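Numbering (the working numbering), first residue to last: 17 to 315.
C-beta atoms are modelled at their ideal positions from N, C-alpha and C, and glycine is treated no differently.
In this text, all values refer to a predicted model and were calculated from it rather than measured experimentally.
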Amino acid sequence: MGWAGSTEGRASGYAEGGGRMPELPEVEIMSRNLARWTVGRRLQQLDLRDEALDSGGVVAWSSQAEGATVRRVWRRGKYTVLEPDGGLPSLVLHFRMTGKVVAAEPSTRSSARLVIRLSPVQGRPNCVVFDDSRRLGNAWAQPTHSLDRWFEVSRKLGPEPWPGVQDTAFWAQQLGRIRSPIKVALMRQDRVAGLGNIAASEILWRAGVSPTLRACALSAEQWAAVARAVPAFIDDTIERESGDEIAYVNSRGGSARGVSSPFFVYRCAGRPCPRCGEPIARFKQSGRSTFWCASCQAG
DNA sequence: TAACTTGTTTAAAC
DNA sequence: TGTTTAAACAAGTT
């Protein structure tokens, strides 16, 4: 089910090393970074430079929350939550394709949409920026006490797949009755929150399960393989990408072509499968590129 | 230049 | 009716 060019490898036009997107592991890293930079410090000045970032309540919040201290920062699915103390609403961020939080002066960023100045502390950054070159990200201000319900009801998020190893029964329960292909099912945020297009291909390759198999047709052994592959992928990705700034689309993982893609199959069409050497193939499912090894993922 | 990249929402199809 | 797929959307890269 490929198309012309799907086995052409480096001639495919994809940039080597690019293509990381903010999925669960990247959002986890950014949430940890934001916690490290802000928890326990006062929000001295909030500068919403792009009101289009506001998907609800952020304009008001940015004046309301000034002076408050950050209590904690946490992740839910692909969202990051900055929670002030004093019963104030929380700031919820979604990064879409190119959004990221960085510790930097806004003058060094061409697309700073929100600038958070913190009470100065020796040895810690005084400014945090929501940087988003394509301006597709979103932000909301939501009452802190009802965030769990908001994520469930308004954002329609299913349970978290990580941390804590979810067992075979969890995956069979959440996805086992979906008739669409397992690759598509893995991306359904209302069933399991946080897995995107990259994760879906990578997890199925690790599990040795075909992306075309209907979710409702997976065997117990295949669900067990998925259950093992998910934390393996997430842990590996967090370990590999941890750092002060997530490298997204514009980055080149290595300067030379062909240098270490961070993924085993994603955007690796035409290259040999790291496990068996057969060429990785690419095709579309529900409008999204799927990458897989037909030899390793026969089941 | 047109096509492609993403997650989410909405509309249409099954 | 419920489930699934496709299209549209944002904007930047190739």
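Is the beta carbon of residue i sitting closer than 9 Å to the one on residue j?
i, j, result
"V75", "E82", "no"
"P105", "P159", "yes"
"Q313", "V169", "no"
"T96", "F111", "yes"
"L211", "I219", "yes"
"S127", "R151", "yes"
"M46", "I214", "no"
"A157", "G103", "no"
Using the DSSP secondary-structure output, state which residues sit across from residue i in a beta bridge.
i, result
"K116", "D147"
"N154", "H110"
"S305", "K300"
"V89", "L98"
"P288", "P295"
"P197", "R230"
"R58", "T85"
Ignore the nearest five residues each way along the sequence and tell me which others in residue i's own chain have a CB closer than 8 Å to its CB.
i, result
"R204", "G174, L191, I194"
"A243", "V181, Q182, D183, T184, F186, W187"
"V55", "V86, R87, R88, V89"
May I ask which residues mark the beginning and end of the alpha helix (DSSP H) holding residue i?
i, result
"T96", "T96 -> not in any alpha helix (DSSP H); beta strand (DSSP E) instead, spanning 95-100."
"Q205", "Per DSSP, Q205 belongs to no alpha helix (DSSP H) and is neither H nor E."
"D66", "No alpha helix (DSSP H) contains D66, which DSSP labels as neither H nor E."
"D251", "236-257"
"E218", "213-223"
Going by C-alpha distance, which of the options is nearest residue i?
i, options, result
"S196", "G180, S123, L234, P38", "L234"
"S311", "Q182, G93, W239, V281", "V281"
"W239", "R222, S305, I254, V131", "R222"
"F307", "C292, G286, R291, G293", "G286"
"L59", "L107, P278, E218", "L107"
"P122", "R165, G103, L64, W90", "L64"
"G153", "V131, R256, L109", "L109"
Only counting the same chain, and skipping five residues up and downstream in sequence, which positions put a Cβ closer than 7 Å to that of residue i?
i, result
"Q301", "P197, K199, V200, P227"
"I250", "L40, P41, W178"
Quick one: give me the first and last residue of the beta strand (DSSP E) that residue i is part of.
i, result
"S135", "Unbroken run through S135: none, as it is neither H nor E."
Quick one: what's got a C-beta closer than 6 Å to residue i's C-beta in the same chain, skipping five residues either side?
i, result
"V181", "P247"
"V118", "V145, D147, E261"
"A51", "V89"
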